[in-house]
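Notes to accompany the following structure.
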Amino acid sequence: MAAADKTLRNRAARGGHYGVIALFTIFSAFPFYWMLITTFKSTPDLLKRGNNPFILNEAPTLEHLRVLFYDTLYGQWLWNTFFVGAIVVAITLVLAVPAGYALARMMGPAGEKLGIAIFLTYLVPPTLLFIPMSRIIGDLGLQDSLWSLVLVYPSFTIPFSTWLLMGFFKAIPKDLEEAAMIDGLSRFGAFVKVVIPISVAGILTTVIFTLTLVMQEFVYAVTFITAARNFTVSVGVPTFLVHGDVYFWGSLMAGCFISSVPVALLYNFFVDRFVTGFTMGAVKG
Amino acid sequence: MTTLERGLETRQAPPRPAGGFLDRPEWLGPLMIGPAVLFIVLVVGIPFLLALFYSVSDISMGDRTMRFVGLRNFIAIWGTTNFQTAIWNTFVFAIVSQILVIVLGTALALALLRDFRGKWLIRFLLLLPWVAPISLGTIGWLWIFDSTYSVLNWTLETLRFISPNDWYMWLGIPHLAMGSVIAVHVWRILPLATVILLAGLSSIPHDIHDAARVDGAGYWRHLFEITVPLIRPIMLVAGLFGLVFAFTDMIVIFVLTRGGPYDTTQVLATLAFFTGIQGGDIAEGAAIALFLFPMLLAVAIGFLRVARRTEVV
Numbered sequence: 187m188a189a190a191d192k193t194l195r196n197r198a199a200r201g202g203h204y205g206v207i208a209l210f211t212i213f214s215a216f217p218f219y220w221m222l223i224t225t226f227k228s229t230p231d232l233l234k235r236g237n238n239p240f241i242l243n244e245a246p247t248l249e250h251l252r253v254l255f256y257d258t259l260y261g262q263w264l265w266n267t268f269f270v271g272a273i274v275v276a277i278t279l280v281l282a283v284p285a286g287y288a289l290a291r292m293m294g295p296a297g298e299k300l301g302i303a304i305f306l307t308y309l310v311p312p313t314l315l316f317i318p319m320s321r322i323i324g325d326l327g328l329q330d331s332l333w334s335l336v337l338v339y340p341s342f343t344i345p346f347s348t349w350l351l352m353g354f355f356k357a358i359p360k361d362l363e364e365a366a367m368i369d370g371l372s373r374f375g376a377f378v379k380v381v382i383p384i385s386v387a388g389i390l391t392t393v394i395f396t397l398t399l400v401m402q403e404f405v406y407a408v409t410f411i412t413a414a415r416n417f418t419v420s421v422g423v424p425t426f427l428v429h430g431d432v433y434f435w436g437s438l439m440a441g442c443f444i445s446s447v448p449v450a451l452l453y454n455f456f457v458d459r460f461v462t463g464f465t466m467g468a469v470k471g
Numbered sequence: 499m500t501t502l503e504r505g506l507e508t509r510q511a512p513p514r515p516a517g518g519f520l521d522r523p524e525w526l527g528p529l530m531i532g533p534a535v536l537f538i539v540l541v542v543g544i545p546f547l548l549a550l551f552y553s554v555s556d557i558s559m560g561d562r563t564m565r566f567v568g569l570r571n572f573i574a575i576w577g578t579t580n581f582q583t584a585i586w587n588t589f590v591f592a593i594v595s596q597i598l599v600i601v602l603g604t605a606l607a608l609a610l611l612r613d614f615r616g617k618w619l620i621r622f623l624l625l626l627p628w629v630a631p632i633s634l635g636t637i638g639w640l641w642i643f644d645s646t647y648s649v650l651n652w653t654l655e656t657l658r659f660i661s662p663n664d665w666y667m668w669l670g671i672p673h674l675a676m677g678s679v680i681a682v683h684v685w686r687i688l689p690l691a692t693v694i695l696l697a698g699l700s701s702i703p704h705d706i707h708d709a710a711r712v713d714g715a716g717y718w719r720h721l722f723e724i725t726v727p728l729i730r731p732i733m734l735v736a737g738l739f740g741l742v743f744a745f746t747d748m749i750v751i752f753v754l755t756r757g758g759p760y761d762t763t764q765v766l767a768t769l770a771f772f773t774g775i776q777g778g779d780i781a782e783g784a785a786i787a788l789f790l791f792p793m794l795l796a797v798a799i800g801f802l803r804v805a806r807r808t809e810v811v
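Quick mapping for you: the protein sequence lines, in order, are chains A and B. Quick note on this note's numbering: the first sequence kicks off at 187 and runs consecutively. Quick note on this note's numbering: the second sequence kicks off at 499 and runs consecutively.
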């Protein structure tokens with residue numbers, strides 16, 4: 187009797203466990219399912235209130251995708267995002283890789299404090315700075331130009347990347363550089379020829395995070411850019427495609443889905459390193 | 499003795515005089531970190547000082563002259579109902595969403611701690627809201643909350659909770675609108691809090707759990723007397739990050755409600771945007787945005803205290 191009671195309780199616990207995970211997964215993923223199914227629904231199907239909205243009630247259509255790519259600037263926005271992303275990644279790596287290495291190896295205990303200070307600047311939000319920033323951008327003549335974003339985005343990608351890279355460089359055994367320096371390389375030479383080649387994984391992680399930060403940014407882009415053809419995806423879709431009383435839900439959802447899910451897939455491979463960065467060593471494994 | 503020391507010194511000198519400063523950490527270190535620090539000072543430090551400066555001036559969009567007006571902007575906005583509502587809403591939005599995030603995040607992290615099939619896919623789906631550009635995810639919610647075609651209303655009607663004639667205007671009625679923007683914000687931050695809490699949970703040594711089980715602690719007692727106290731520092735970290743994001747976020751509200759209906763979801767960040775950028779009153783916008791700063795400072799101090807206590811090395 188007691189044994190049967192126990193298996194029953196075990197089974198209930200397992201059911202509860204799956205139930206909790208299922209509920210959370212539905213909560214998290216439902217909007218993306220919603221985007222996907224809306225993308226392929228024909229307009230009459232979307233607009234008939236009696237139809238079951240969770241499924242396709244009529245034959246799927248590619249019309250919304252055609253509108254998105256041919257009748258809107260979506261393609262241009264994707265290109266703009268990619269353009270800004272690539273340059274910001276380059277700037278971030280050039281500045282953050284040496285900085286992360288210096289913090290990890292050469293600054294001693296002061297490096298730790300400086301590292302935390304740099305990381306904290308990542309938390310200074312765009313909403314605090316966007317007003318003076320828009321004035322500076324105007325004075326530089328960069329209003330409405332993608333270069334304004336190239337200039338400003340490293341202000342949050344560098345702090346985060348420096349912090350991440352510092353962690354990576356700390357994990358590399360010091361003997362490797364010391365051996366290289368005994369072989370006649372300078373300290374800087376050892377960094378360039380020995381440390382960087384074995385840090386490819388860390389640098390790749392930094393590239394992915396920088397790209398996602400650029401893709402997600404909204405506040406600066408909506409402040410600096412007013413011409414539709416210079417928008418990035420995250421601003422173009424919500425401000426330009428959502429206008430007037432008629433919403434093109436099909437194309438809108440297609441635009442959202444296409445620019446969210448592929449990046450998320452890539453990101454999923456690197457998420458553990460991201461967490462290590464955020465927990466700041468408050469967790470020791 | 500002295501000759502020996504001199505002899506050692508010459509032997510230790512770098513073999514290639516040209517490589518001099520590239521070998522000395524006290525030169526090379528600052529040289530390598532300098533450009534990054536300089537950049538941050540230029541693009542974060544200067545705008546911040548300018549924000550302070552603007553907030554005590556009478557600058558506006560069309561007018562290039564600037565006069566010092568002391569605390570006039572602060573006094574002016576402090577008295578307006580707009581601003582008072584926004585401050586209140588900011589706290590409601592940030593604190594309610596953070597409490598939900600920590601409670602739900604802990605529950606989810608506990609569930610994810612156990613192994614099960616398909617964990618990779620589940621983790622991917624759970625992370626989507628955090629990774630996808632938030633403005634686009636929020637557009638998805640805008641369609642879910644749509645006043646005419648809301649899938650939520652359809653479901654409620656089909657389950658016979660409401661009749662076809664009283665579909666909710668999710669974003670059009672004050673309390674529902676606040677509830678909706680909080681729900682979307684929780685949806686967005688939950689993955690971050692969960693992965694941080696999960697890292698904390700997995701770092702608890704197994705023998706602690708085993709010992710508690712041997713001592714006969716039940717599930718809830720085990721949870722609240724063993725697990726939660728052990729992950730308290732990491733909960734604090736997750737909570738502080740979440741608070742920063744919640745206090746300063748304007749995207750969810752900007753996309754869903756634009757502060758409406760009747761300013762009931764207006765927060766400091768959106769009010770600063772509508773006043774300073776769209777309204778052109780730079781000085782007042784800057785003053786409103788500066789009210790975010792004390793909150794950030796408090797969070798940063800809390801953060802450093804956690805970092806010190808856990809001896810970040």
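Here a beta-carbon is modelled for each residue, glycine too, at the ideal position from N, C-alpha and C. Please read all numbers here as calculations on a predicted model, not as lab measurements.
Straight-line spacing of the CA atoms in residue 305(A) and residue 747(B) works out to 19 Å. Beta bridge pairing from DSSP links residue 555(B) with 566(B).
Between residue 454(A) and chain B, the shortest Cβ-Cβ separation is below 8 Å. Scanning its chain for C-beta atoms nearer than 6 Å, with the 5 sequence neighbours on each side dropped, one finds around residue 290(A) the residues 352, 355 and 356, in chain order. For residue 348(A), the enclosing alpha helix (DSSP H) starts and ends at 340–356.
Along the length of the segment 652–740 of chain B, whole alpha helix (DSSP H) runs at least 4 residues long occupy 672–700, 704–712 and 717–720, reported in chain order. For residue 730(B), there are no neighbours in chain A by C-beta distance under 8 Å, as the nearest C-beta there is about 10 Å away. Residue contact check for residue 633(B) against chain A: a CB pair falls below 8 Å.
Residues of chain B with a Cβ closer than 9 Å to the Cβ of residue 218(A) are, in chain order, 623, 626, 627, 630, 635 and 638. By the neighbour-count criterion, in which 16 or more other beta carbons inside 10 Å mark a residue as buried, residue 651(B) falls on the buried side.
If you draw a straight line from the Cα of residue 273(A) to the Cα of residue 336(A), it comes to about 7 Å. Going by DSSP, residue 455(A) is part of no alpha helix (DSSP H) at all; its letter is neither H nor E.
Contact of residue 761(B) with chain A is not assigned, every C-beta pair being separated by 8 Å or more. DSSP, read as helix, strand or coil, puts residue 310(A) in coil. Residues of chain A with a Cβ closer than 9 Å to the Cβ of residue 737(B) do not exist, since the nearest Cβ in that chain sits about 12 Å away.
Taking C-alpha positions only, residue 264(A) is separated from residue 774(B) by approximately 29 Å.
With the rule of 3 Cβ pairs closer than 8 Å, the segment 667–678 of chain B does not count as touching the segment 199–212 of chain A. Under the Cβ criterion of 8 Å, residue 533(B) is counted among the residues facing chain A.
In this structure, the alpha-carbon of residue 664(B) lies about 9 Å from that of residue 655(B). Annotation: residue 553(B) to residue 413(A) spans about 29 Å, alpha carbon to alpha carbon. Closest by C-alpha distance to residue 589(B), out of 781(B), 762(B) and 799(B), is 762(B). With the criterion set as a beta carbon lying under 7 Å from some beta carbon of chain A, the members of the segment 536–568 of chain B are 537, 538, 541, 542, 545, 546, 548, 549 and 552, in sequence order. Residue environment for residue 579(B): exposed (fewer than 16 other C-beta atoms within 10 angstroms of its C-beta). When 7 Å is used as the limit between beta carbons, residue 221(A) is near these residues of chain B: 638, in chain order. One thing to note: residue 450(A) has its Cβ within 8 Å of the Cβ of residue 630(B).
DSSP places residue 636(B) within a helical segment (H, G or I) once states are collapsed to three. Cβ-Cβ distances below 7 Å link residue 568(B) to 554 in the same chain, with the five nearest sequence neighbours on each side left out; the list follows chain order. DSSP, read as helix, strand or coil, puts residue 327(A) in coil. Contact of residue 406(A) with chain B is not assigned, every C-beta pair being separated by 8 Å or more. Of the candidates 521(B), 526(B) and 531(B), 531(B) places its Cα closest to the Cα of residue 349(A). Here residue 751(B) has 679, 757, 763, 765 and 768 as same chain residues with Cβ atoms under 7 Å from its own Cβ, once five neighbours each way along the sequence are excluded.
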